[in-house]
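Colleague:
Numbering (the numbering used here), first residue to last: 1 to 238.
1. With respect to the alpha helix (DSSP H) encompassing residue 104, which residues constitute its N-terminal and C-terminal limits?
2. Indicate the three-state DSSP secondary structure (helix, strand or coil) for residue 140 in the structure shown.
3. Okay, do the region 148-167 and the region 98-111 touch, 3+ Cβ pairs below 8 Å being the bar?
4. Flag this pair as yes or no: are the beta carbons of residue 190 and residue 172 separated by less than 7 Å?
5. Assuming the contact rule is C-beta atoms closer than 8 Å, residue 200 and residue 55 should be a hit. Round their C-beta distance to whole Å, please.
6. For residue 71 and residue 135, which I take to be in contact (beta-carbon distance under 8 Å), what is that distance rounded to the nearest angstrom?
7. When the Cα atoms are used, what is the spatial distance from residue 59 to residue 142?
8. Should residue 197 and residue 158 be called a contact, given that it needs their Cβ atoms to be closer than 7 Å?
9. Taking 7 Å as the threshold (C-beta atoms), are residue 160 and residue 78 in contact?
10. Relative to the C-alpha of residue 108, which residue among 127, 91, 116 is closest?
11. Any idea if residue 118 is buried or exposed, counting beta-carbon neighbours within 10 angstroms, 16 or more meaning buried?
12. Between 92, 228, 62, which has its C-alpha nearest residue 116's C-alpha?
13. Out of curiosity, what's the CA-to-CA distance linking residue 155 and residue 36?
14. Suppose you measure from the CA of residue 260 to the CA of residue 42; what does that come to, to the nearest Å?
15. If you draw a straight line from the C-alpha of residue 192 to the C-alpha of residue 120, how long is it?
16. Do residue 138 and residue 86 have their beta-carbon atoms positioned less than 7 Å apart in this structure?
17. Between 88, 168, 186, 140, which has its C-alpha nearest residue 65's C-alpha?
As structure tokens, then:
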């Protein structure tokens, strides 16, 4: 839905640079999320297999008295990171709505700002209608936040458990020596796990890495534009 409304907004919406940037940013984010979701659905069996192998590694490391602290430490770090991600993603609807309404209030609702730069089939000239529209768009972002939280949970779990397993391998190299037969088996398991993971997700991550610098620059420009407009209205003779 976001993709369709965003494309319509790009075609018939505002020609202001900051508005185009906001719309384009939403298009990139929504498009990336859809590609990721389709990829996960297409590779569902492979992803489940990888998660099962991770769980097997986790149980194996927990049974290792010398190195089980690496798993426990990784899980503690993961809980903290996931909690911060969950809070930030799910607080976005409220914070974005409050910020957009505050900016509109400062500008007397003469130059309104949308929480998401998408096309809507009704007029927003009335201040109340505009505020309610922003509230609706904010609520619609909640499912997206839940989806991104789940995706980050899966990817963070892979990263943390793989890192813990590599740390265990390093400890075994130091304590048991390179001639230990288990060292080679550990190394083989890690390499294969990372290869299988990258085969599924490396293309998506490459795309997101390439486009990610554009979004902060765009939002930063839009923020500066809002501040400059407000400053000119408050201090017209300066």
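Built from N, CA and C at the ideal position, the CB exists for glycine as well.
Bear in mind that the values here come from a model prediction, so they are computed numbers and not experimental data.
Modeller: By the coordinates alone:
1. 68-106
2. helix
3. no
4. no
5. About 17 Å; that fails the 8 Å criterion.
6. Between residue 135 and residue 71 the Cβ distance is about 43 Å, and since that is not below 8 Å, they are no contact.
7. 34 Å
8. yes
9. yes
10. 127
11. buried
12. 92
13. 12 Å
14. The shown model of the chain, from 1 to 238, leaves out residue 260, and the question about it has no answer.
15. 48 Å
16. no
17. 168
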